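Chemist: If you scroll down you'll find the structure; I have some questions about it.
Residue numbers (my numbering): 220 to 570.
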């Protein structure tokens, strides 16, 4: 995901078109995704012709039409985003919430990518035992799906010994289990690369302590739940795991607020949009904190932001995010209401 973000930030060609829409994973709901995408592409086309010459618009439209024709709706996640310039195009599918819209400007709207990188509400559960490994996907306290295919549930039909002498040698049995865990992780990686989400591990204490050592992708486990869940109803397992996830969310939000408070004590916090923009473009942005639903229509002229009530005014928050990211700063999204005393946005400066 970081590589994707870097790739998008590297694009310099203009105009930069971002088309995003919420999508559906199942039939028949996903039929409406095609219609909505077609309408959004039409909207983008109209806006492009209003602002740019035909020679500039044509290659972008070719990119959009090519991507549209290649999309397989049966593999949609929760959001579909198309990034396009005259010389670049990229289709991105994410497991995060977006609002259907078209954004045309000097840079891409990369906020959904940031949100996907930071979200913990959407996650995998890997239930581990010596006999069976299950893989589930959940959103908050709701089951999205339990994977049931050639990969999972992964029954242990060969990674053990029935020889009583060898069985008495604990290290032999451990080696079999480590191999079993390693194979399970290699199966899981396919799902993770297709849809990178954080992980909660569920199992007994021995499995919870040993399984992470067999995981090739590090730092994706956000919590654990101790117990045996081979036969637990998938919906019930999600409900049992959710308190772990809820605590992670609370801890993360609390940590962010502590960081802002520390910056406030050091007189390094700004909440005025113009102050934030000047600091970001001047390389003085350490971390920009935004409420997830924060938007601010406005315009930037001669380095100054003027808030606007115009219906078609661009969202200047995109410029703030772009400036902070290009200066090497962090962009952090928080729950609505958590930054109310800062009017939805706060910047901690470097000095």
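Every residue gets a Cβ at the ideal spot worked out from N, C-alpha and C, and that includes glycine.
Predicted model, so just to flag it, every value in this text is computed and none were measured.
Roughly how many angstroms lie between the CA atoms of residue 550 and residue 440, to the nearest whole one?
Modeler: Against the chain shown, residue 550 aligns to sequence position 331. Against the chain shown, residue 440 aligns to sequence position 221. Distance between the alpha carbons of residue 550 and residue 440: 22 Å.
Chemist: Rank 416, 442 and 417 by C-alpha distance to the C-alpha of residue 428 and give the top, closest one.
Modeler: Counted from its first residue, the chain shown places residue 428 at position 209. The option with the nearest alpha carbon to residue 428 is 442.
Chemist: Say whether the region 477 to 494 touches the region 455 to 463, bearing in mind that this needs 3 or more beta-carbon pairs closer than 8 Å, one atom from each stretch.
Modeler: no
Chemist: Between the beta-carbon of residue 296 and the beta-carbon of residue 349, is there less than 8 Å?
Modeler: The sequence position of residue 296 within the chain shown is 77, counting from 1. The sequence position of residue 349 within the chain shown is 130, counting from 1. Not a contact, by the Cβ cut-off of 8 Å.
Chemist: Between which two residues does the alpha helix (DSSP H) containing residue 271 stretch?
Modeler: Translated into positions along the chain shown, residue 271 becomes position 52. Unbroken run through residue 271: none, as it is neither H nor E.
Chemist: Please work out which residues of its chain come closer than 8 Å, Cβ to Cβ, to residue 319, disregarding the five sequence neighbours upstream and downstream, and give them in chain order.
Modeler: Within the chain shown, residue 319 is the residue found at index 100, counting from 1. Correct list, in chain order: 239, 240, 241, 255 and 259.
Chemist: Taking the continuous alpha helix (DSSP H) assigned at residue 462, which residues delimit it?
Modeler: On the chain shown, residue 462 is found 243 positions in, with the first residue counted as 1. Element bounds for residue 462: 453 to 484.
Chemist: What number of angstroms, rounded off, separates the C-alpha of residue 377 from the C-alpha of residue 399?
Modeler: The residue given as residue 377 occupies position 158 in the chain shown. The residue given as residue 399 occupies position 180 in the chain shown. One C-alpha to the other measures close to 8 Å.
Chemist: Return the CA-CA distance between residue 554 and residue 338, expressed in angstroms with no decimal places.
Modeler: Position 335 of the chain shown holds residue 554. Position 119 of the chain shown holds residue 338. Cα to Cα, residue 554 sits roughly 11 Å from residue 338.
Chemist: Considering only their Cβ atoms, is the gap separating residue 223 from residue 317 smaller than 8 Å?
Modeler: Residue mapping note: residue 317 aligns to position 98 of the chain shown, counting from 1. Residue mapping note: residue 223 aligns to position 4 of the chain shown, counting from 1. Taking 8 Å as the Cβ cut-off, residue 317 and residue 223 do not qualify as a contacting pair.
Chemist: Buried or exposed for residue 521, please, with buried defined as at least 16 other CB atoms from any protein chain shown within 10 angstroms of its CB.
Modeler: In the chain shown, the residue the question calls residue 521 occupies position 302. Flag for residue 521 reads exposed.
Chemist: Which residue spans inside the region 255 to 331 form an unbroken beta strand (DSSP E) run of at least 3?
Modeler: 298 to 304, 307 to 313 and 320 to 324
Chemist: Which whole-angstrom value is the C-beta distance of residue 506 and residue 467, which I expect to be below 8 Å?
Modeler: Residue 506 sits at position 287 when you count from the first residue of the chain shown. Residue 467 sits at position 248 when you count from the first residue of the chain shown. No, residue 506 and residue 467 are not in contact; Cβ-Cβ is about 19 Å, not under 8 Å.
Chemist: Please name the residue, chosen from 541, 489, 529 and 302, that lies closest to residue 561 on a Cα-to-Cα basis.
Modeler: Taking the chain shown and counting its residues from 1, the one referred to as residue 561 is at position 342. Looking at the Cα atoms, 489 is the closest of the given residues.
Chemist: Would you kindly report the start and end of the unbroken alpha helix (DSSP H) that includes residue 497?
Modeler: Sequence index remark: in the chain shown, residue 497 carries index 278 (1-based). Under the DSSP assignment, residue 497 falls in the alpha helix (DSSP H) whose first and last residues are 492 to 500.
Chemist: Over what stretch of residues does the beta strand (DSSP E) that includes residue 549 continue unbroken?
Modeler: Within the chain shown, numbered from 1, the residue matching residue 549 stands at position 330. From DSSP, the beta strand (DSSP E) with residue 549 extends over 549 to 553.
Chemist: Excluding the 5 residues flanking residue 252 on each side, which residues of the same chain have their C-beta closer than 8 Å to its C-beta?
Modeler: Numbered from 1 along the chain shown, position 33 holds the residue referred to as residue 252. Same-chain partners within the cutoff: 240, 242, 243, 292, 295 and 299.
Chemist: Report buried or exposed for residue 246, applying the criterion of at least 16 other Cβ atoms within 10 angstroms of its Cβ.
Modeler: Within the chain shown, the letter at position 27 stands for residue 246. Residue 246 should be labelled exposed.
Chemist: Tell me, please, whether the region 324 to 344 touches the region 260 to 276 by the rule of three or more beta-carbon pairs shorter than 8 Å.
Modeler: no
Chemist: So, under 8 Å CB-CB, residue 518 and residue 533 are touching, yes? Tell me the CB distance rounded to an integer number of Å.
Modeler: Here residue 518 is taken as the residue at index 299 of the chain shown, counted from 1. Here residue 533 is taken as the residue at index 314 of the chain shown, counted from 1. The Cβ separation is near 7 Å, so the contact holds.
Chemist: Any chance the region 270 to 284 sits against the region 300 to 307, with 3 or more Cβ pairs inside 8 Å?
Modeler: yes
Chemist: How long is the line joining the alpha carbons of residue 509 and residue 552, rounded to whole angstroms?
Modeler: Looking up residue 509 in the chain shown gives position 290. Looking up residue 552 in the chain shown gives position 333. Going by C-alpha positions, residue 509 is about 5 Å away from residue 552.
Chemist: I need the DSSP call for residue 568, collapsed to helix, strand or coil.
Modeler: Taking the first residue of the chain shown as position 1, residue 568 is located at position 349. DSSP places residue 568 in strand when its eight states are reduced to three.
Chemist: Select from 228, 559 and 343 the residue whose C-alpha is nearest the C-alpha of residue 537.
Modeler: Locating residue 537 in the chain shown gives position 318, counting from the first residue. It is 228 whose Cα lies nearest to the Cα of residue 537.
Chemist: Using beta-carbon positions only, say whether residue 390 and residue 433 come within less than 8 Å of one another.
Modeler: Residue 390 sits at position 171 when you count from the first residue of the chain shown. Residue 433 sits at position 214 when you count from the first residue of the chain shown. Their beta carbons are not under 8 Å apart, which means residue 390 does not touch residue 433 by this criterion.
Chemist: How far does the alpha helix (DSSP H) with residue 229 in it extend, from its first residue to its last?
Modeler: Here residue 229 refers to the residue found at position 10 when the chain shown is read from its first residue. Segment 221 to 229, the alpha helix (DSSP H) holding residue 229.
Chemist: Throw me the rounded Cβ distance for the residue 347 and residue 446 pair, which I believe falls under 8 Å.
Modeler: Taking the chain shown and counting its residues from 1, one reaches residue 347 at position 128. Taking the chain shown and counting its residues from 1, one reaches residue 446 at position 227. Residue 347 to residue 446, Cβ: 11 Å. No contact.
Chemist: Using the C-alpha atoms, what's the distance from residue 449 back to residue 236?
Modeler: On the chain shown, position 17 is the one that residue 236 refers to. On the chain shown, position 230 is the one that residue 449 refers to. Approximately 47 Å between the Cα atoms of the pair.
Chemist: Would residue 263 be called buried (16 or more neighbouring beta carbons within 10 Å of its own) or exposed?
Modeler: Within the chain shown, residue 263 is the residue found at index 44, counting from 1. Buried, by the Cβ-count rule.
Chemist: If we ignore side chains and look at the alpha-carbon of each, how far apart do residue 494 and residue 525 end up?
Modeler: Within the chain shown, residue 494 is the residue found at index 275, counting from 1. Within the chain shown, residue 525 is the residue found at index 306, counting from 1. Roughly 12 Å between the two C-alpha positions.
Chemist: What is the DSSP secondary structure of residue 416, reduced to helix, strand or coil?
Modeler: Locating residue 416 in the chain shown gives position 197, where the first residue counts as 1. Under the three-state reduction of DSSP output, residue 416 falls in the coil class, being neither helix nor strand.
Chemist: Would you call the CB atoms of residue 249 and residue 314 closer than 8 Å?
Modeler: Here residue 249 corresponds to residue number 30 of the chain shown, with the count starting at 1. Here residue 314 corresponds to residue number 95 of the chain shown, with the count starting at 1. Contact: no.
Chemist: What residues are listed by DSSP as bridge partners for residue 542?
Modeler: In the chain shown, counting from the first residue as 1, residue 542 sits at position 323. Looking at the DSSP assignment, residue 542 forms no beta bridge with any residue, so it has no partner.
Chemist: Which of the three DSSP states is assigned to residue 333 in this structure?
Modeler: As a position in the chain shown, residue 333 is number 114, starting the count at 1. Helix.
Chemist: Could you check the C-alpha separation between residue 230 and residue 541 for me, to the nearest Å?
Modeler: Translated into positions along the chain shown, residue 230 becomes position 11. Translated into positions along the chain shown, residue 541 becomes position 322. When rounded, the distance between both Cα atoms is 12 Å.
Chemist: Please list the terminal residues of the continuous beta strand (DSSP E) segment that includes residue 346.
Modeler: Against the chain shown, residue 346 aligns to sequence position 127. Looking at the DSSP string, the run of the beta strand (DSSP E) that includes residue 346 is 341 to 347.
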